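Residue numbers (this note's numbering), protein chains in the order written: chain A, 911 to 1251; chain B, 911 to 1251.
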DNA sequence: ATTAGCACTCAATAAGAGAGAGTGCTAACA
DNA sequence: TGTTAGCACTCTCTCTTATTGAGTGCTAAT
């Protein structure tokens, strides 16, 4: 389905206007705004056509028109030009990331903040799963009699730790030895591929310290579970409150509650995101409480798992800016990740 | 200033009613609710007196009365009986804390959740500062050529880590040695008391590795800064949305924005909290954006620094429940902390 | 195909009319 | 002297009823 040039101009004009003002747009406004050489009556006819085609709708007889979700979809698919970060914004981002950050989590936090701030929408960033990164180093550190610390470092620099109980009789040397053996066995393995069976031989060799090995493995498993849960970082949630469509507290509550249950957001996203920025408009979203929101998201590649990031706003959203920002940010941070990790 | 018995009953009755319904309370309602043996007219006279004294106010001529902030203050100071956790709630809490938690942060997170859930208010918990805990263990772990990990464990089990750069030439043995020397020098010292000068001798002895020692110190310092920033954990912020006084989005926004800037909340609290649960009603709060909220908070003692926790809600708040819950929770977690740390 | 003109529609706002809850005052009463 | 019944009065809330104005859809002329 393709529209003739004039209809496109009118549709775009209405979308731009509506996104800006959140008010229905009338035929006169369309003519004035774009200084069109045609009369309001002509525009009215065209608008009527566009409504019949489903791209516009009328809140009530004889109000102006607002773009339907189908209208936004058409615009996004066939007409929209992304608006990437401008020089100033890019500079801000680079400066932000220039300060040394310690690990992925910190980087990702900063990205989230930046996106929310620049677009005035709500951002989310999903930290690439530790599961996909590679085992680099493990150490068992005696803390006090009967207690030790399992320390795990991956190729992405993520450090995780957990306390375990060990027999009081065990010596620092022994713990050190066990750690080194772990390292030998697991070196370079993907974290998610670590299996108890990998350590079967080790377990057999060290009969009397089998318990410690098991505890360490349990610790690793529980670390992975924990780091799975906390993978979504949301910024600028309060920006939603500035949108007139959410001046109603009950609507607002639904959205914020939805965001609080972070897994719900994750569940809406596809397993893996392609090269393009992806857009979900209103009803296209699965979750019932999210059908008045739009979602713009993209993936970013890391050594290991793919990360995801995105922006959320009302259906009346500046898709061009959101998509463009994500695209620019992706490029910049993929570059940084390549260098750093 | 003390009130006669009947005025007290009437004040309490109005407070209880108003807290429950958020509506002005009339004289008839007071009589009915408490099955008083006096007439509505008499109550009206008493209410008029209470208004003159400043404990009640009228939204407009010939509406019912609502308690003034001064009224709440009087009630809280002179009449209120705390309502501690009941058996069921206590059981829930104990069960929640029964699962092994790894560190203070996790414990505190759970407490926060619990408080918010049980009271339907917004909770905050301030994690005791790492500064006050004691140095227990430090290790320098070689990660890859030119990079090492500084690992710091305190007596409260807090583990912090940070990457530093080291000369490529340095060996694992050397790093281990430096770590051990750090341990000797710093053993048992309060974290906040660690000074560069403590390590002067060490620096002198190890001329050619001075740089590594400096880097490690810098890492420790930056760790402390980081852990200072993130000390407030807020739960149940969305509960505020259920209060009718915040059905207006702008008011809501102010409060939520206030909570987002976590230091603002911390700045309102006294340095150190006494034995009693403390209550700040409405205007008594310093912060401009918080003058329509009330704050109920208490300290909890740990080995080292004092932690704080509290509940926030509208002025029309169930102070008895909030204060009682905090008191009970304090008792329970201080017990746990004594055992665990 | 385009446009000017005009009647028509419907939300938003304002103004007015009860209704109802609750008070304050007065006068009677224990 | 404290308590109470009775009643007029006040003020919000809600429900109607105009009024306004933006914007459309249709018709007829260009």
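Ideal Cβ positions, reconstructed from N, Cα and C, are used throughout, including at glycine. Predicted, not measured: the structure shown is a model, and the values here were computed from it.
As the crow flies, the alpha-carbon of residue 1121(A) is around 47 Å from that of residue 1221(A). One Cα belongs to residue 1192(A), the other to residue 1243(A), and the distance between them is close to 28 Å. In the three-state reduction of the DSSP assignment, residue 1208(A) falls in the strand class, which pools E and B. Counting along the chain, the unbroken alpha helix (DSSP H) around residue 1086(B) starts and ends at 1082–1096. Under the three-state reduction of DSSP output, residue 993(B) falls in the coil class, being neither helix nor strand.
In this chain, residue 1152(B) is not harboured by any beta strand (DSSP E), its DSSP state being neither H nor E. Spanning the alpha carbons of residue 955(A) and residue 937(A) requires a straight line of approximately 9 Å.
Chain-order list of chain B residues neighbouring residue 1072(A): 1012, by C-beta distance under 7 Å. Residue contact with chain B for residue 1203(A): absent (no Cβ-Cβ distance below 8 Å to any residue of chain B).
Distances from the alpha-carbon of residue 1015(A) to those of 1218(A), 1045(A), 1149(A) and 1037(A) put 1037(A) closest. In the structure shown, residue 972(B) falls within a coil segment according to DSSP collapsed to helix, strand and coil. When the alpha-carbon of residue 1230(B) is set against those of 1158(B), 992(B), 913(B) and 982(B), the nearest one is in 992(B). Shown here for residue 1184(A): same chain residues with a beta carbon closer than 8 Å to its own, the five before and five after excluded, namely 1209 in chain order. Within the segment 1166–1180 of chain A, those residues whose Cβ lies closer than 9 Å to any Cβ of chain B are, in chain order, 1166, 1167 and 1170. Take the alpha-carbon of residue 1068(A) and the one of residue 1060(A): they are about 14 Å apart. Interface criterion met: the Cβ of residue 1059(A) is under 8 Å from a Cβ in chain B. Counting other Cβ atoms within 10 Å of its Cβ, residue 973(B) stays below 16 and is therefore classed as exposed. Interface annotation, residue 1047(A): in contact with chain B, CB-CB separation under 8 Å. Residue contact with chain A for residue 1066(B): absent (no Cβ-Cβ distance below 8 Å to any residue of chain A). Residue environment for residue 1049(A): buried (at least 16 other C-beta atoms within 10 angstroms of its C-beta). Setting aside the 5 residues that flank it on each side, residue 1125(B) is surrounded in the same chain by 1074, each with a C-beta closer than 6 Å to its C-beta; the list follows chain order. If only uninterrupted beta strand (DSSP E) runs of at least 3 residues are considered, those enclosed by the segment 1159–1199 of chain B are 1188–1190.
The beta carbon of residue 928(A) sits closer than 8 Å to those of 934, 935, 976, 977 and 1226, all from its chain and outside the five residues before and after it, given in chain order. Remark: C-beta atoms of residue 1190(A) and residue 1129(A) do not approach each other more closely than 8 Å. The criterion of a C-beta distance shorter than 8 Å is satisfied by residue 1119(A) and residue 1084(A).
Within the segment 1138–1163 of chain A, contact with chain B at the beta-carbon level (separation under 9 Å) is assigned to 1147, 1148, 1151, 1152, 1156, 1157, 1158, 1159, 1160, 1162 and 1163.
Judged by DSSP in its simplified three-state form, residue 913(B) adopts coil rather than helix or strand.
Contact with chain B is absent for residue 1076(A), since none of that chain's Cβ atoms lies less than 8 Å from the residue's Cβ.
Not a single CB atom of chain B sits nearer than 8 Å to the CB of residue 1095(A). With fewer than 16 other Cβ atoms from the protein chains shown falling within 10 Å of its own Cβ, residue 1248(A) counts as exposed. Judged by DSSP in its simplified three-state form, residue 1066(A) adopts coil rather than helix or strand.
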